[in-house]
Amino acid sequence: MSSISNVPLLMLQWDNPNNRKAFLEWKDFLSSFIINNVQKEQIYNYMLLSSRSKGRDLFKAKQVSTEDKANSDKLWNMFEDYMVEKPNKWVQRIELQCMTQSTDETRRIYSLS
Numbered sequence: 091m092s093s094i095s096n097v098p099l100l101m102l103q104w105d106n107p108n109n110r111k112a113f114l115e116w117k118d119f120l121s122s123f124i125i126n127n128v129q130k131e132q133i134y135n136y137m138l139l140s141s142r143s144k145g146r147d148l149f150k151a152k153q154v155s156t157e158d159k160a161n162s163d164k165l166w167n168m169f170e171d172y173m174v175e176k177p178n179k180w181v182q183r184i185e186l187q188c189m190t191q192s193t194d195e196t197r198r199i200y201s202l203s
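The sequence shown begins at 91 in this note's numbering and counts up one residue at a time.
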């Protein structure tokens, strides 16, 4: 039986400026190397350990039930909803309205920016 003690456990990088990339790297690493042969009831423990104290705080804030702990898809979605920003169409519309073309800018350069 092989031991996973030699495999480095990738921790979720909460301070990474690109939260989407940090989440996907963490999820891919855990899914591929750590929890691929683990019982569904145990996946929660691995996620809790590798997400550190902020992950524990997130689990407490979301009040994860024992049924949810056994549902890995729900746990992944919870982290993704928290970490990955969703685009706000109203803010994007306001930003678009505020864009102005400077006098020395050609129409082509303005449309590319």
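From the three backbone atoms N, C-alpha and C, an ideal C-beta is built for every residue, glycine too.
Asked	Found
Element boundaries [alpha helix (DSSP H), containing ILE184]	179–188
Pairwise C-alpha distance: ARG110 and MET91	With a pLDDT of 45 at MET91, under the threshold of 50, the predicted position of this residue should be treated as unreliable, though the coordinate-derived value follows. Going by the C-alpha atoms only, they are around 35 Å apart.
Contact check, SER140 vs LEU114, beta carbons under 8 Å	no
Three or more C-beta pairs below 8 Å linking the stretch 182–196 and the stretch 154–170	no
LEU148 beta carbon less than 8 Å from that of TYR136	no
8 Å Cβ cutoff met for ALA160 and LYS179	no
Assigned secondary structure, SER143 (DSSP; H/G/I helix, E/B strand, else coil)	helix
Delimiting residues of the alpha helix (DSSP H) encompassing LEU100	LEU100 -> no alpha helix (DSSP H), and no H or E assigned at all.
DSSP state of GLN132 mapped onto helix, strand, coil	helix
Whether TRP116 touches LEU102 by CB criterion (8 Å)	yes
Simplified DSSP assignment, three categories, for TRP116	helix
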